[in-house]
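Right, one structure below, let's go through it.
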Amino acid sequence: MRTRANWPAGVLAGAWLLIILVPVYVMLRAAFESRETYADKGPLGLPTEFTLDNFRYAFEQGFGRFLANSVTVAVLTVAVVLILVPPLAFAIVRSDSRTVRQAFKVMLFGLAIPAQVVVIPVMYLIQYIGLYDTLIGIALPTAAFAIPMSTLILTGAMREIRGELYEAMAMDGSGPVRTFFRLVLPLSRGGIATVIVFTALNAWNNYLLPLVLTRSEDVRVATLGLGVFQQQYSLNIPGLMSAILMTVLPMLLIYLFARRALIRGLMGVGGK
Amino acid sequence: MSRPSAVWALPAVAFFAFFALLPLAVAVGLSFTKYNGIRLTTPQFVGLDNWTRMLDDAPLHRAVGVTVVLIVLAVATQVPVSLLIGVWAAGPQRMRAAVTALYFIPLLMSTAAVAVLWASLVDPNFGLPAALAPLIGPDTFFSDLLGEPAAALGLVAFIYLWGASPLHTLLYQGGARAIPETLYQAAELDGAGRVSQFFHITLPLLKHTMITSTILMVVGTFTTFDLILILTHGGPSGATSNLPYFMYDRGIAALDFGYGSAIAVVLVVIAGLVSWAMVRASGYDKMEGTQEGI
Chain A
15 MRTRANWPAG
25 VLAGAWLLII
35 LVPVYVMLRA
45 AFESRETYAD
55 KGPLGLPTEF
65 TLDNFRYAFE
75 QGFGRFLANS
85 VTVAVLTVAV
95 VLILVPPLAF
105 AIVRSDSRTV
115 RQAFKVMLFG
125 LAIPAQVVVI
135 PVMYLIQYIG
145 LYDTLIGIAL
155 PTAAFAIPMS
165 TLILTGAMRE
175 IRGELYEAMA
185 MDGSGPVRTF
195 FRLVLPLSRG
205 GIATVIVFTA
215 LNAWNNYLLP
225 LVLTRSEDVR
235 VATLGLGVFQ
245 QQYSLNIPGL
255 MSAILMTVLP
265 MLLIYLFARR
275 ALIRGLMGVG
285 GK
Chain B
432 MSRPSAVWAL
442 PAVAFFAFFA
452 LLPLAVAVGL
462 SFTKYNGIRL
472 TTPQFVGLDN
482 WTRMLDDAPL
492 HRAVGVTVVL
502 IVLAVATQVP
512 VSLLIGVWAA
522 GPQRMRAAVT
532 ALYFIPLLMS
542 TAAVAVLWAS
552 LVDPNFGLPA
562 ALAPLIGPDT
572 FFSDLLGEPA
582 AALGLVAFIY
592 LWGASPLHTL
602 LYQGGARAIP
612 ETLYQAAELD
622 GAGRVSQFFH
632 ITLPLLKHTM
642 ITSTILMVVG
652 TFTTFDLILI
662 LTHGGPSGAT
672 SNLPYFMYDR
682 GIAALDFGYG
692 SAIAVVLVVI
702 AGLVSWAMVR
712 ASGYDKMEGT
722 QEGI
């Protein structure tokens with residue numbers, strides 16, 4: 015085993031850890047102290063008080079609403095992707111049709127094209143079908159642009175299902191529908207979990223699409239809420255920090271309960 | 432027969448075509464028009480005006496340069512940091528696993544959150560420069576990072592490194608853990624030192640990880656928008672305005688949707704080329720699982 019101490023690597027890792035943690039520390043400390051204390055001490059120093067006032071303030075600025083909107087967009091986006099992509103992936107993996115394979119290759123060219131790039135025509139389209147300034151209007155294009163990567167993840171997972179299992183289903187006289195629900199879906203749970211997290215993260219982190227596709231405060235999402243908060247109250251740093259922490263909370267919950275799916279979803283890879 | 436027909440693929444393909452391919456076609460169409468984005472007015476055909484305008488729009492050319500510099504800075508800083516930290520974190524020591532969980536923290540934040548956090552950290556009056564002034568003096572390089580073109584660009588790259596490198600660290604950690612321990616044992620018997628083992632075993636075997644990770648970096652940096660909007664607004668004087676921000680600023684915010692669409696078409700072509708390179712480099716077109724690339 016290579017367990018001899020490696021000092022240079024340890025020092026480097028420690029220095030990088032410090033760079034990661036100092037901003038996190040500043041954020042945590044400021045979020046729980048009053049504006050007066052923060053103005054007094056600045057970003058560094060030890061914590062001396064504990065108050066939840068900043069969170070109350072962020073809530074009053076509408077952050078509860080913004081978070082709920084973000085969750086709604088994420089859920090809608092995931093729902094659309096989950097309805098559309100598993101049948102597509104099943105067809106790509108099992109169908110004899112050459113058209114399906116060609117369609118998949120065309121779709122792969124969408125891998126690196128994020129929805130942000132075509133935001134102008136998307137806005138045009140969304141206005142045209144009357145979904146401007148709605149949460150579903152954000153979710154639909156977000157879902158469309160998540161389809162290529164989700165398909166790639168799911169076909170990967172479905173390829174792991176052994177051919178004999180399909181043959182056994184066919185011997186039992188099962189048609190494609192039964193095979194899909196009884197065999198393919200249960201055996202690609204890992205891939206589906208990755209797709210859910212990948213898609214939800216995409217929707218959650220979106221900035222340009224909601225910025226361009228919505229206008230009202232009622233449908234403002236959390237990322238936009240942070241941007242607006244920063245523009246209007248950039249001097250209220252404790253308030254800002256608590257707002258950031260509120261947007262981190264849902265991610266923290268996913269991290270605690272579905273760490274593997276989160277990591278795979280972030281990378282958009284895996285699927286076993 | 433239990434094989435699905437092409438009908439199974441239809442809903443997803445139709446949806447993708449409507450919300451992703453149709454906008455691409457609309458962008459091409461709008462790029463030949465003058466359009467202010469207001470529903471009541473209709474786009475006016477202006478021929479190649481937007482396209483010829485792009486040829487001698489100096490700020491646009493600068494945005495192309497900024498985009499390239501940001502990608503180069505991102506790859507040049509993130510690859511070494513995440514490679515070294517990832518390989519270190521892959522070690523069997525229990526302490527390293529605990530530290531890795533801490534490295535993960537920035538990944539819990541959206542880019543907007545990272546940008547807002549750093550915007551207050553680098554604020555000359557209320558952020559770290561003011562707090563550190565007693566130690567390093569009041570008027571140093573650090574006191575107004577966002578006011579200097581080169582410093583602002585470097586800062587954007589640094590914050591991007593802060594926010595994104597934990598993901599790549601995880602990728603390299605996973606890749607390094609998959610390397611069989613016996614290879615190192617054999618190298619040790621041959622008398623190879625730690626540095627030699629790194630260059631002769633670890634690095635060659637991380638080739639696939641490096642391809643995947645670098646592609647993700649390039650795509651991510653290429654489309655960085657929210658960080659720039661929140662932190663710098665493309666400033667000072669366009670020094671941090673990359674292509675997506677430029678498209679937003681000149682196309683959407685300035686209500687010049689025809690010109691914005693022309694820029695969007697250019698972005699899509701570049702992104703398509705990146706996709707193509709990615710598909711070729713990773714073998715996705717042979718329709719293997721994404722796990723293969725890691």
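Protein chains in written order, with the numbering used here: chain A, 15 to 286; chain B, 432 to 725. For each residue, glycine too, the CB sits at the ideal point set by N, CA and C.
task = Using three-state DSSP, classify F476 of chain B as helix, strand or coil.
result = strand
ask   = Rounded to whole angstroms, how far is the Cβ of A693 of chain B from the Cβ of N556 of chain B, which I believe are closer than 8 Å?
value = About 40 Å; that fails the 8 Å criterion.
ask   = chain A beta carbons: is any one of them nearer than 8 Å to that of Y534 of chain B?
value = yes
ask   = Is any beta-carbon of chain C found at less than 8 Å from that of R434 of chain B?
value = In the structure shown, chain C does not exist; the protein chains are A and B.
request  = Can you pull the chain A residues whose beta carbon is under 8 Å from the beta carbon of S692 of chain B, in chain order?
outcome  = I134, P135
ask   = Which same chain residues, not among the five before or five after M15 of chain A, have their C-beta less than 6 Å away from its C-beta?
value = Its pLDDT being 44, under 50, M15 of chain A is placed unreliably by the model, and the measurement read from it follows with that caveat. Excluding sequence neighbours, M15 of chain A sits near nothing in its chain.
ask   = Using CA coordinates, which residue listed in A:G241, A:M137, A:R192, A:N216 is at the minimum distance from I469 of chain B?
value = A:M137
request  = Under 9 Å between beta-carbons, which chain A residues line up against P537 of chain B? List them in chain order, please.
outcome  = I34, P37, V38
task = Could you tell me how far apart the beta carbons of A157 of chain A and L223 of chain A are, in whole angstroms, since I believe they sit closer than 8 Å?
result = Rounded, the Cβ-Cβ distance is 11 Å, inconsistent with contact.
query = Would L453 of chain B count as contacting chain A if we go by Cβ distances under 8 Å?
reply = yes
inquiry  = Buried or exposed, going by whether 16 or more other CB atoms sit within 10 Å of the CB of I33 of chain A?
reply    = exposed
query = What are the boundary residues of the alpha helix (DSSP H) that includes R434 of chain B?
reply = It is not in any alpha helix (DSSP H) - R434 of chain B carries neither H nor E in the DSSP assignment.
message = Would you say G682 of chain B lies against chain A (beta-carbon separation less than 8 Å)?
response = yes
inquiry  = Helix, strand or coil, according to DSSP, for T464 of chain B in the structure here?
reply    = strand
key: Segment limits, alpha helix (DSSP H) that includes Q628 of chain B   = 625-628
Contacts around G478 of chain B, its chain only, beta-carbon distance under 7 Å, and the 5 residues preceding and following it disregarded = F463
Nonlocal neighbours in the same chain, by C-beta distance under 6 Å from T193 of chain A, ignoring five residues either side = M183
ask   = Listing by chain order, which chain A residues have their CB less than 9 Å from the CB of T732 of chain B?
value = Residue 732 of chain B lies beyond the stretch modelled for chain B, which goes from 432 to 725, so this question has no answer here.
message = Quick check: the Cα distance between N220 of chain A and S672 of chain B, rounded to an integer number of angstroms?
response = 19 Å
Identity of the residue in B:G605, B:V700, B:V506 nearest L592 of chain B by Cα = B:V506
query = How long is the line joining the alpha carbons of A544 of chain B and E619 of chain B, rounded to whole angstroms?
reply = 46 Å
query = Quick one: what's got a C-beta closer than 8 Å to M540 of chain B's C-beta in the same chain, skipping five residues either side?
reply = L548, G594
query = Given that a residue counts as buried once 16 or more other Cβ atoms are within 10 Å of its Cβ, and exposed if not, what is M648 of chain B?
reply = buried
Residue from A:T165, A:L42, A:W218, A:L81 whose Cα sits closest to the Cα of T91 of chain A = A:W218
Close-in-space but distant-in-sequence residues of the same chain around Y52 of chain A (CB under 8 Å, 5 per side omitted) = A44, I251, P252
query = Distance, Cα to Cα, F629 of chain B vs V497 of chain B?
reply = 34 Å
request  = Would you grab the beta carbon distance between V730 of chain B and L455 of chain B for me? Rounded to a whole angstrom, and I think it's under 8 Å.
outcome  = Coverage of chain B is limited to positions 432 through 725, which leaves residue 730 of chain B absent and any answer about it impossible.
query = Smallest Cα separation from L149 of chain A: which of A:V235, A:G239, A:Q246?
reply = A:V235
request  = Determine whether the Cβ of L96 of chain A lies closer than 8 Å to any Cβ atom of chain B.
outcome  = no
task = Quick one: which residues of the stretch 507-524 of chain B get their C-beta closer than 9 Å to a C-beta of chain A? List them in chain order.
result = V512, L515, I516, V518, W519, A520, G522, P523, Q524
query = When the Cα of L254 of chain A is compared with those of A:P57, A:A23, A:N216, A:A29, which residue comes out closest?
reply = A:P57
Rounded distance between the beta-carbons of G669 of chain B and R493 of chain B, thought under 8 Å = 6 Å
Cβ contact (3+ pairs, closer than 8 Å) linking the stretch 263-276 of chain A and the stretch 242-249 of chain A = no
key: Residues that Q130 of chain A contacts on chain B, provided the C-beta gap is smaller than 8 Å   = T654, F656, P675
query = From this set, B:G522, B:P435, B:L515, B:P537, which residue's C-alpha is nearest T262 of chain A's C-alpha?
reply = The question names Thr, but residue 262 of chain A in the sequence shown is Val. Closest option to V262 of chain A, Cα to Cα, is B:P537.
query = Does S551 of chain B come within less than 8 Å of chain A when only Cβ atoms are used?
reply = yes
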